[in-house]
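Colleague: Numbered according to full-length UniProt numbering, the sequence shown spans residues 1 to 238.
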Amino acid sequence: MTHGGSGSEHGTASSSMASSASSSSLDQPVDRMAVRRPLIITGPSGVGKGTLIRRLLGEYPLRFGFSCSHTTRGPRPGEKEGVDYFFTTRERLQAEIDEGKFLEHATVHNNLYGTSFEAIQKVQEEGKICILDIDVQGVISVKGALARGALHDLRPLYVFISPPSLAVLESRLRGRETEKEEDVLRRLKNAKREVEYGVAPGNFDKVVVNADLDDAYIDLRTYIETMYYGDEEVQSSS
């Protein structure tokens, strides 16, 4: 799950969600090469990326699988071990990172997070496209490893979920009512930097603005249909 995110992330949903077309490309079998291309979705805490991912997984459970991240923070209400995160200790997670078992890792809001190679491979072995919900720091880490040639088999697509404004994001964060004021302020400070990086040209293959949850989901789903099932060559940012 997201580095520092929450299972309660949300956008502003309209009264009813547009139903999927029965002829959607996402209902078709996944090409073997497409399975090898993970879909990395990121964005600031509270932007609603977790909600969008859950909706995508719920609509297409045979097409997509979720790569569950490890974290040293405690579980929030409703979060489940092995579903939202693998909850662990800093000592154990750091040891596994040092052993080279993780694609990326980052310290976010004073907690350590990471995505293991094993978690990604498990999804790919099921013949599904692997979705990774990681922090912007993690995205930068992955891109750095790719640039060094350390991950020659990995050609991910990068999607950034952006709030319509920082004021809207602040409202969503405060609406959680699960964090102290100092935590909210720290997340907002980080969000400003993340949004600046996320919307800068060339950093992501796609930017989805989550002003309305249904509209954002349709935008995300349409992009995925084009990239994984379209006829044109997929070009990934690096």
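For every residue, glycine included, the Cβ atom is placed at its ideal position computed from N, Cα and C.
What does the alpha-carbon distance come out to for the pair Lys49 and Leu213?
Modeller: Taking the first residue of the sequence shown as position 1, residue 49 is located at position 49. Taking the first residue of the sequence shown as position 1, residue 213 is located at position 213. The alpha-carbon atoms of Lys49 and Leu213 are separated by roughly 10 Å.
Colleague: Is it true that the CB of Thr51 sits closer than 7 Å to the CB of Val139?
Modeller: For this step, residue 139 is matched to residue 139 along the sequence shown. For this step, residue 51 is matched to residue 51 along the sequence shown. It is not a contact, given that the beta carbons lie outside the stated cut-off.
Colleague: Can you give me the C-alpha to C-alpha distance between Asp183 and Ser45, rounded to a whole angstrom?
Modeller: The residue you call residue 183 lines up with position 183 of the sequence shown. The residue you call residue 45 lines up with position 45 of the sequence shown. Asp183 and Ser45: Cα-Cα distance of roughly 11 Å.
Colleague: Within the continuous alpha helix (DSSP H) that includes Val159, where are the two ends?
Modeller: On the sequence shown, residue 159 is found 159 positions in, with the first residue counted as 1. Element bounds for Val159: not the alpha helix (DSSP H) but the beta strand (DSSP E), Leu157 to Ser162.
Colleague: Taking just the CA atoms, how far does Lys180 sit from Arg186?
Modeller: Taking the sequence shown and counting its residues from 1, one reaches residue 186 at position 186. Taking the sequence shown and counting its residues from 1, one reaches residue 180 at position 180. Rounded to whole angstroms, Arg186 to Lys180 spans 10 Å at the Cα level.
Colleague: Taking the alpha-carbon positions, what's the Lys80 to Phe86 distance?
Modeller: Position 80 of the sequence shown, counted from the first residue, corresponds to residue 80. Position 86 of the sequence shown, counted from the first residue, corresponds to residue 86. Whole-angstrom Cα-Cα distance: 8 Å.
Colleague: I'd like the ranges of any alpha helix (DSSP H) spanning at least 4 consecutive residues and lying wholly in the region 85-117.
Modeller: The qualifying runs are 90-98.
Colleague: Could you tell me if Leu220 is buried or exposed, where buried requires 16 or more neighbouring beta carbons within 10 angstroms of its beta carbon?
Modeller: What you label residue 220 is simply residue 220 of the sequence shown in a count that begins at 1. Per the 10 Å Cβ criterion, buried.
Colleague: Tell me which same chain residues have a C-beta within less than 7 Å of the C-beta of Thr72, skipping the five on either side of it?
Modeller: The residue given as residue 72 occupies position 72 in the sequence shown. Result list for Thr72: Thr88, Thr89, Arg90, Leu93, Asn111 and Leu112, in chain order.
Colleague: Taking the DSSP output, what are the residues bridged to Ile40?
Modeller: Position 40 of the sequence shown holds residue 40. In the DSSP output, where bridge partners are listed per residue, Ile40 has Leu132 and Tyr158.
Colleague: Using C-beta distances below 8 Å, list every residue in its chain close to Ile120, excluding the 5 sequence neighbours before and after it, in chain order.
Modeller: By 1-based counting over the sequence shown, the position of residue 120 is 120. Contacts found: Pro38, Ser67, Leu103, Cys130 and Leu132.
Colleague: How long is the line joining the alpha carbons of Ala211 and Phe160, rounded to whole angstroms?
Modeller: In the sequence shown, the residue the question calls residue 211 occupies position 211. In the sequence shown, the residue the question calls residue 160 occupies position 160. Whole-angstrom Cα-Cα distance: 14 Å.
Colleague: Among Arg36, Ile40 and Val47, which residue has its Cα nearest to the Cα of Arg174?
Modeller: What you label residue 174 is simply residue 174 of the sequence shown in a count that begins at 1. Minimum Cα distance to Arg174 is reached at Val47.
Colleague: In whole angstroms, give me the CA-to-CA distance for Asp135 and Glu59.
Modeller: Against the sequence shown, residue 135 aligns to sequence position 135. Against the sequence shown, residue 59 aligns to sequence position 59. Asp135 and Glu59: Cα-Cα distance of roughly 24 Å.
Colleague: Closer than 7 Å by C-beta to Val207: which residues in its own chain qualify, once you throw out the five before and the five after it? Chain order, please.
Modeller: Reading the sequence shown from its first residue, position 207 is the one you call residue 207. Only Phe160, Ser162, Gly198 and Val199 meet the Cβ criterion.
Colleague: Is Leu154 near Glu170, with beta carbons less than 7 Å apart?
Modeller: Here residue 154 corresponds to residue number 154 of the sequence shown, with the count starting at 1. Here residue 170 corresponds to residue number 170 of the sequence shown, with the count starting at 1. Going by C-beta atoms, Leu154 is not nearer than 7 Å to Glu170.
Colleague: Roughly how many whole angstroms lie between the Cα atoms of Val123 and Ala167?
Modeller: Indexing the sequence shown from 1 puts residue 123 at position 123. Indexing the sequence shown from 1 puts residue 167 at position 167. Val123 and Ala167: Cα-Cα distance of roughly 36 Å.
Colleague: What residue does the beta strand (DSSP E) around Val83 start on, and which one ends it?
Modeller: The residue you call residue 83 lines up with position 83 of the sequence shown. Segment: none, Val83 is in no beta strand (DSSP E) and carries neither H nor E.
Colleague: Which residues in the same chain have their Cβ closer than 7 Å to the Cβ of Ala191, if we skip the five residues on either side of it in sequence?
Modeller: Residue mapping note: residue 191 aligns to position 191 of the sequence shown, counting from 1. Pro44, Ser45, Leu166 and Leu169, listed in sequence order.
Colleague: Have a look at Ile95 and Gly78 and give me their C-alpha separation to the nearest angstrom.
Modeller: Mapped onto the sequence shown, residue 95 falls at position 95. Mapped onto the sequence shown, residue 78 falls at position 78. First, the amino acid is wrong: residue 95 is Ala here, not Ile. Taking the straight line joining both Cα atoms gives about 28 Å.
Colleague: Is any beta-carbon of chain D found at less than 7 Å from that of Gln121?
Modeller: Of the protein chains in this structure there is only one, and it is not chain D.
Colleague: Whose C-beta lies closer than 6 Å to the C-beta of Ser116 among residues of the same chain, with five residues either side of it excluded?
Modeller: The sequence position of residue 116 within the sequence shown is 116, counting from 1. Excluding residues within five positions, the ones whose Cβ falls inside 6 Å are Lys101 and Phe102.
Colleague: State yes or no: is the C-beta of Gly82 within less than 7 Å of the C-beta of Lys128?
Modeller: The count along the sequence shown starts at 1 and reaches residue 82 at position 82. The count along the sequence shown starts at 1 and reaches residue 128 at position 128. Not closer than 7 Å, so no.
Colleague: When we look at the beta-carbon of Glu194 and count the other beta-carbons within 10 Å, is it buried (16 or more) or exposed?
Modeller: Walking along the sequence shown from the start, residue 194 turns up at place 194. Result: buried.
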